[in-house]
Amino acid sequence: MTDPAPLPGTGRAHRGLRWFRFLAVLFTIAAAASLVLVAIDLFIGRPAAGDLFITGLNALAAVVLWRELAKQAGE
2 MTDPAPLPGT GRAHRGLRWF RFLAVLFTIA AAASLVLVAI DLFIGRPAAG
52 DLFITGLNAL AAVVLWRELA KQAGE
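Residue 2 is where the sequence shown starts when you use our numbering, and the numbers rise one by one after that.
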């Protein structure tokens, strides 16, 4: 028995780009939210080192994902 032909636009590459876009947006939002937490920490006088670290990690992940998305979309 043979598999049915795939529908146009539902290939693995297209699904991969959607996942990269979803993750890039997710990490961008997480970095922005972490930055808000840093501002709140500074406002109330708490040490912000941990939140700064998490903000940096989220921002780094977002940048890597956006660059990978741009690279794959250009191919």
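Note that the Cβ used here is the ideal one computed from N, Cα and C, for glycine as well.
task: Would you grab the beta carbon distance between residue 53 and residue 28 for me? Rounded to a whole angstrom, and I think it's under 8 angstroms.
output: Along the sequence shown, read from residue 1 onward, the residue named residue 53 stands at position 52. Along the sequence shown, read from residue 1 onward, the residue named residue 28 stands at position 27. The pair is not a contact, with the Cβ atoms about 16 angstroms apart (cut-off 8 angstroms).
>> With the cut-off set at 8 angstroms, would you say residue 59 and residue 32 are in Cβ contact?
In response: Taking the sequence shown and counting its residues from 1, one reaches residue 59 at position 58. Taking the sequence shown and counting its residues from 1, one reaches residue 32 at position 31. Yes.
Residue range of the unbroken alpha helix (DSSP H) whose run includes residue 69: In the sequence shown, residue 69 corresponds to position 68, counting from 1. First-last of the alpha helix (DSSP H) with residue 69: 50-75.
Do residue 23 and residue 70 count as a contact pair if the criterion is CB distance below 8 angstroms? Residue 70 sits at position 69 when you count from the first residue of the sequence shown. Residue 23 sits at position 22 when you count from the first residue of the sequence shown. No, the Cβ-Cβ distance between residue 70 and residue 23 is not below 8 angstroms.
Could you give the distance in angstroms between the alpha-carbon of residue 44 and the alpha-carbon of residue 19? Taking the first residue of the sequence shown as 1, we reach residue 44 at position 43. Taking the first residue of the sequence shown as 1, we reach residue 19 at position 18. About 38 angstroms.
Next on the checklist: Going by C-alpha to C-alpha distance, which of 49, 48, 17, 56 sits closest to residue 30?
Outcome noted: Taking the sequence shown and counting its residues from 1, the one referred to as residue 30 is at position 29. Cα-wise, what sits closest to residue 30 is 56.
- Distance, Cα to Cα, residue 38 vs residue 47? For the purposes of this step, residue 38 is identified with residue 37 of the sequence shown, where counting begins at 1. For the purposes of this step, residue 47 is identified with residue 46 of the sequence shown, where counting begins at 1. If you take the alpha carbons of residue 38 and residue 47, they lie about 10 angstroms apart.
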